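Remarks on the structure that follows.
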Amino acid sequence: LVEYLVHPADFAFPLPENVSYEEGSLLEPLSVGIYAVRRANLGLGAHVLITGAGPIGLVTLLAARAAGTTKIYMTDVRDDRLDLAKQMGATEVINVAEEDVGKKVDKLTNGVGVDAVIECSGAPAASSGSLLWVRRGGTVVLVGMGPDEFNFPVLTIGAKELDVRGVFRYVNTYPAAVELVANGAVNLKPLVTHHYPLDQVVEAMDVAHKGTGGAIKVAVTLC
Numbered sequence: 001l002v003e004y005l006v007h008p009a010d011f012a013f014p015l016p017e018n019v020s021y022e023e024g025s026l027l028e029p030l031s032v033g034i035y036a037v038r039r040a041n042l043g044l045g046a047h048v049l050i051t052g053a054g055p056i057g058l059v060t061l062l063a064a065r066a067a068g069t070t071k072i073y074m075t076d077v078r079d080d081r082l083d084l085a086k087q088m089g090a091t092e093v094i095n096v097a098e099e100d101v102g103k104k105v106d107k108l109t110n111g112v113g114v115d116a117v118i119e120c121s122g123a124p125a126a127s128s129g130s131l132l133w134v135r136r137g138g139t140v141v142l143v144g145m146g147p148d149e150f151n152f153p154v155l156t157i158g159a160k161e162l163d164v165r166g167v168f169r170y171v172n173t174y175p176a177a178v179e180l181v182a183n184g185a186v187n188l189k190p191l192v193t194h195h196y197p198l199d200q201v202v203e204a205m206d207v208a209h210k211g212t213g214g215a216i217k218v219a220v221t222l223c
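Following full-length UniProt numbering, the numbering of the sequence shown begins with 1 at its first residue and continues without gaps.
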């Protein structure tokens, strides 16, 4: 930890007075979510499936809501994270350990599929499954970092005329992230599930690493 840090001005964004430092610390992951939503071409009335209800999946949910997406479905293997996703605005949640995603998506979309799938888990099954759950002519955005190689049904891309797009961080989304939080369009506060003082930073990092107690984001207060 240092008291001062020199940073390029082009990549420094002042926080409005009504945005806390805690919220400011989450603008980086929110920027990833905004960029993923832009890559998916989501807008008013769209239907999306977001796979993985971790921090990136949840901020993508918030960005999709802010973009006017009508139906937002989310998957995960943890009920506590799916419960939080529901509280944050997910239309429907699917525990992949208990339900077949394909069958559930077919039921929810009357067999059509979603307009876009944003894959945030990094799980190979979710990446390959995305091609099956999206509608013909739809878009799949790969955000999660999984293994370098795995089975991927490439013929499905051509047969369904899909757009498959990658995301590596974000581009030019910080101003939008700041504005969305400042005007109340996005509420990041539910993502911070645990708070620790500086003298408990080791415990805080352990909780963040293990996800103890349903931890999503862990904040360490310096003063």
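Note that the Cβ used here is the ideal one computed from N, Cα and C, for glycine as well.
The structure presented is a predicted model; accordingly, all values stated were derived computationally and were not measured.
Asked: Range covered by the beta strand (DSSP E) that runs through G166; Found: D163 to G166
Asked: Within 8 angstroms, strictly: CB atoms of I50 and Y170; Found: no
Asked: In chain order, each beta strand (DSSP E) run of at least 3 residues that lies wholly inside the region 13-60; Found: 47-51
Asked: Length of the line joining the Cα atoms of A12 and V134; Found: 37 angstroms
Asked: R65 classed as buried or exposed, judged by whether at least 16 other C-beta atoms fall within 10 angstroms; Found: buried
Asked: Residue from L131, N187 and G184 whose Cα sits closest to the Cα of G158; Found: L131
Asked: DSSP-derived helix/strand/coil call for R78; Found: coil
Asked: Helix, strand or coil at T193 [DSSP, three-state]; Found: strand
Asked: Cutoff 6 angstroms; reference A53; Cβ partners in own chain excluding five residues on either side; Found: M74, D76, R81, L82 and A85
Asked: Per-residue burial, A126 [other beta carbons within 10 Å of its own, 16 or more giving buried]; Found: buried
Asked: G129 versus K103: straight-line alpha-carbon distance, rounded; Found: 12 angstroms
Asked: In DSSP terms, what L142 is bridged to; Found: E119 and G166
Asked: Separation of K189 from H195, as counted between CA atoms; Found: 12 angstroms
Asked: Reduced DSSP category for E92 - H, G, I as helix; E, B as strand; rest coil; Found: strand
Asked: Cβ contact (3+ pairs, closer than 8 angstroms) linking the region 116-126 and the region 136-148; Found: yes
Asked: Pair within 8 angstroms by beta-carbon distance, V167 and R78; Found: no
Asked: Among H209, A63, A67 and L155, nearest to V32 - alpha-carbon criterion; Found: A63
Asked: Integer Cβ distance of G45 from T70, believed to fall under 8 angstroms; Found: 5 angstroms
Asked: The region 178-185 contacting the region 12-30, beta-carbon criterion three pairs below 8 angstroms; Found: yes
Asked: Helix, strand or coil at V134 [DSSP, three-state]; Found: strand
Asked: Cα-Cα separation, L42 to L27; Found: 20 angstroms
Asked: 8 angstroms Cβ cutoff met for A215 and V207; Found: yes
Asked: Closest Cα partner of V192 within the set I56, V2, V37 and D10; Found: I56
Asked: Reduced DSSP category for K71 - H, G, I as helix; E, B as strand; rest coil; Found: strand
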